[in-house]
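Per numbering that gives the first Met the number 0: the sequence shown = residues 0 to 280.
A virtual CB, placed ideally from N, CA and C, is assigned to each residue, including glycine.
Here the structure is a predicted model, which is why all the values come from computation and not from measurement.
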Amino acid sequence: MKIGIIGTGLIGGSIALKLKEKNFAEFVYGIDQNEENLNKALELNIIDEKADFENGIKNSELIIISIPVDSAKKILPDVLDLINEKQVVMDVGSTKSGIVDSIKNHPNRKRFVAFHPMWGTENSGPNAATKDSFTGKAAVICNKEESDKNALEIVEQVIDNLEMHPIYMNADAHDIHTAYISHISHITSYALANTVLEKEREEDTIFQLASSGFSSTVRLAKSHPEMWVPIFRQNKENVLDVLNEHISQLRKFKSALEKENFDYLEELIRNANKIRGILDK
């Protein structure tokens with residue numbers, strides 16, 4: 000299958016590498032405004048040829064949009080304008096409601112499948128792409144009833160070749176869930192990093208004392224704003240709802256310490272420990 004990847008960075012590059020290894024992709028066109036990324040993707044054998052927007056789409060049987068969600072939402076109608084009834088388009092965005100709403104009345108809507116691979120790192124660019132990134136991870140397909148059956152089947156084949164397991168849900172539900180399990184984690188990490196940078200002016204001390212716990216907690220703060228500001232913008236209402244609850248929980252810890260109510264502090268921690276039973280299943 001000939002595949003066009005719009006956005007040859009971490010996610011798009013990782014997908015291309017795996018699909019090529021599995022021989023699902025016989026040829027990969029790279030479409031990217033970042034010429035440096037395109038050249039690097041070509042050098043790393045992520046793509047087989049650089050292509051401009053129109054030719055890359057017209058020559059591909061499957062088009063994968065792997066760019067920040069604001070940009071994906073903007074170009075998706077243009078992509079659908081260029082395809083025929085046999086081509087398939089999918090995205091990999093971390094928010095889904097805005098994406099599906101943007102093309103709900105498009106005549107080629109049924110050739111699009113809304114997809115979110117539940118994997119990512121704080122790194123970016125084709126250098127960060129790895130072929131086994133998605134193995135064992137969840138692959139969310141949203142609003143599958145709005146896609147043609149054969150378009151859905153092709154995306155399910157992609158998921159199978161990526162060695163992921165599919166989950167089907169409504170786009171609105173997806174955005175609520177990802178606000179809790181992903182988006183709030185990034186905000187918390189950014190806030191913690193800013194807190195430490197504000198209070199600890201001597202950077203050497205941070206590096207000398209930083210434990211693995213601290214490093215893992217602030218790892219997400221390395222993630223690029225070019226990706227995450229659009230996600231927060233697209234999912235603003237859900238993120239605000241989760242953020243309000245998070246702030247409420249922080250206030251409980253603050254109050255327990257201020258009042259030296261260590262029994263309540265222990266209760267809060269023990270309650271939080273319940274997450275172990277969920278995550279360790």
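For residue i, name the three-state secondary structure that DSSP assigns.
| i | result |
| --- | --- |
| Met226 | helix |
| Lys251 | helix |
| Lys103 | coil |
| Val27 | strand |
| Glu60 | coil |
| Asp77 | helix |
| Asp51 | coil |
| Lys273 | coil |
| Asp279 | coil |
| Val68 | helix |
| Gly3 | strand |
| Val217 | helix |
Taking C-beta to C-beta, are residue i and residue j nearer than 8 Å?
| i | j | result |
| --- | --- | --- |
| Leu151 | Val112 | yes |
| Ile56 | Met89 | no |
| Val157 | Leu18 | yes |
| Glu25 | Lys1 | yes |
| Val68 | Ser96 | no |
| Gln86 | Ser59 | yes |
| Arg110 | Ile82 | yes |
| Ser222 | Ser132 | no |
Residues in the same chain with beta-carbon distance under 8 Å from residue i, minus the five sequence neighbours each way, listed in chain order, please.
| i | result |
| --- | --- |
| Val238 | Ala178, His182, Ile183, Ile186, Phe231 |
| Ile180 | none |
| Ala138 | Phe114, His115, Pro116, Met117, Ile158, Leu161, Met163, His164, Pro165, Ile166 |
| Asp147 | Lys109, Arg110 |
Looking only at C-alpha atoms, which of the options sits nearest to residue i?
| i | options | result |
| --- | --- | --- |
| His115 | Asp77, Val87, Ser65, Lys103 | Ser65 |
| Ala128 | Phe52, Ala15, Asn104, Asn260 | Ala15 |
| Leu249 | Phe133, Asp262, Ile268 | Ile268 |
| Ser123 | Leu219, Lys95, Tyr167, Pro165 | Leu219 |
| Lys9 | Asn22, Leu79, Asp279, Ala40 | One detail in the question is off: residue 9 reads as Leu in this sequence, not Lys. Among Asn22, Leu79, Asp279, Ala40, the Cα nearest to that of Leu9 belongs to Ala40. |
| Leu75 | Ser93, Asn234, Asn107 | Asn107 |
| Glu53 | Asn22, Gly12, Ile4 | Ile4 |
| Asp80 | His105, Lys73, Ser70 | His105 |
| Leu191 | Glu42, Lys253, Ser214, Ile46 | Ser214 |
Going along the chain, which residues of its own chain have a beta-carbon closer than 6 Å to the beta-carbon of residue i, five neighbours each way excluded?
| i | result |
| --- | --- |
| Lys136 | Met117, Trp118, Met163 |
| Ser188 | Val217, Leu219, Ala220 |
| Gly29 | Ile4, Thr7, Leu37, Ala40, Ile46, Lys49 |
Shorter than 7 Å, the distance from the beta carbon of residue i to the closest heavy atom of the ligand NAP, or not?
| i | result |
| --- | --- |
| Gly8 | Ligands are entirely absent from the displayed structure, and the ligand NAP is therefore not among its contents. |
I'd like the list of long-range same chain contacts for residue i, defined as Cβ closer than 7 Å, with 5 residues on each side in sequence excluded.
| i | result |
| --- | --- |
| Ala170 | Lys95, Ser96, Val99, Ala113, Cys141, Asn142 |
| Glu225 | Pro67 |
| Met168 | Val139, Cys141 |
Going along the chain, which unbroken runs of the beta strand (DSSP E) with 3 or more residues stay wholly within the region 111-169? 111-116, 137-141, 164-168
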